[in-house]
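Student: Sending over a structure as structure tokens; questions will come in a sec.
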Amino acid sequence: MEDYLYKDERNNISKVVDKGKKNAKLAKLDYELLVYNEVKDLSLLKINLHTGRHHQIRVQLSNFGHSIFGDQKYGTRGQGKQIALWAYELTIQHPITKEEMVFTDLPDSVGTWCILKDIRDFK
Numbered sequence: 001m002e003d004y005l006y007k008d009e010r011n012n013i014s015k016v017v018d019k020g021k022k023n024a025k026l027a028k029l030d031y032e033l034l035v036y037n038e039v040k041d042l043s044l045l046k047i048n049l050h051t052g053r054h055h056q057i058r059v060q061l062s063n064f065g066h067s068i069f070g071d072q073k074y075g076t077r078g079q080g081k082q083i084a085l086w087a088y089e090l091t092i093q094h095p096i097t098k099e100e101m102v103f104t105d106l107p108d109s110v111g112t113w114c115i116l117k118d119i120r121d122f123k
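Written as structure tokens, this is what we have:
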């Protein structure tokens with residue numbers, strides 16, 4: 001996905017806008033569908049960010065018509081629930097040794113995260 005995002009500082013929201021809008025910034029991500037649960041009508045996506053814009057994943061997915069479950073700001077599904085957005089893997093460079101460090105974790109398979117039961121061994 002490639003969009004231009006504009007951050008409204010006063011209201012703490014971002015939105016997809018035309019490329020020519022003043023202060024709009026390019027936002028890029030790619031995604032892979034890992035699991036779709038037909039009963040719950042929920043999808044589990046693996047997202048790789050190429051840019052790090054304000055609320056980028058939430059704004060781009062919502063604009064695409066697939067808001068994140070429990071997203072009170074940009075979504076409509078799962079109102080009153082915790083947002084189903086999780087950083088599964090984080091890769092950083094150690095500030096002193098310059099060694100690449102990778103951290104991975106999945107939430108417990110309860111509540112919204114029960115969809116993970118289908119992919120525990122998928123990585």
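Numbering-wise, my numbering puts 78 at position 78 of the sequence shown, and it's gapless, one number per residue.
C-beta: ideal position from N, C-alpha, C; glycine also.
#1: I need the boundaries of the beta strand (DSSP E) containing Ser14, first residue and last residue.
#2: With DSSP as the reference, please indicate the residues paired to Ser91 in a beta bridge.
#3: Starting from Ile57, trace the alpha helix (DSSP H) both ways and give me its first and last residue.
#4: Thinking Tyr4 and Ala27 are a contact (beta carbons under 8 Å), I'd like their distance in whole angstroms, please.
#5: Just verifying my parser: in three-state terms, what is the DSSP assignment at Lys22?
#6: With distance defined between alpha-carbon atoms, name the residue in Thr51, Leu44 and His50 nearest to Pro107.
#7: Quick check: what's the CA-CA separation for Asp30 versus Leu61?
#8: Assuming Arg58 and Lys73 are in contact, meaning their beta carbons sit under 8 Å apart, how far apart are those beta carbons, in whole angstroms?
#9: Could you please give the first and the last residue of the uninterrupted beta strand (DSSP E) stretch that includes Asp8?
#10: What residue range is occupied by the uninterrupted beta strand (DSSP E) comprising Ser43?
Tutor: Well, looking at it:
#1: Taken as a continuous stretch (DSSP letters only), the beta strand (DSSP E) holding Ser14 covers Ile13 to Val17.
#2: Here residue 91 turns out to be Thr, not Ser, going by the sequence shown. Beta-bridge pairing links Thr91 to Val102.
#3: Counting along the chain, the alpha helix (DSSP H) containing Ile57 begins and ends at Gln56 to Asn63.
#4: Ala27 and Tyr4 do touch by the CB rule: their CB atoms are close to 7 Å apart, below 8 Å.
#5: Assigned with DSSP and collapsed to three states, Lys22 falls in coil, not helix or strand.
#6: The closest CA to that of Pro107, considering only Thr51, Leu44 and His50, is found on Leu44.
#7: Approximately 11 Å between the Cα atoms of the pair.
#8: That belief holds up - the Cβ atoms of Arg58 and Lys73 are roughly 7 Å apart, short of 8 Å.
#9: Under the DSSP assignment, Asp8 falls in the beta strand (DSSP E) whose first and last residues are Glu2 to Asp8.
#10: Judged by DSSP secondary structure, Ser43 falls within the beta strand (DSSP E) whose first and last residues are Leu42 to Leu49.
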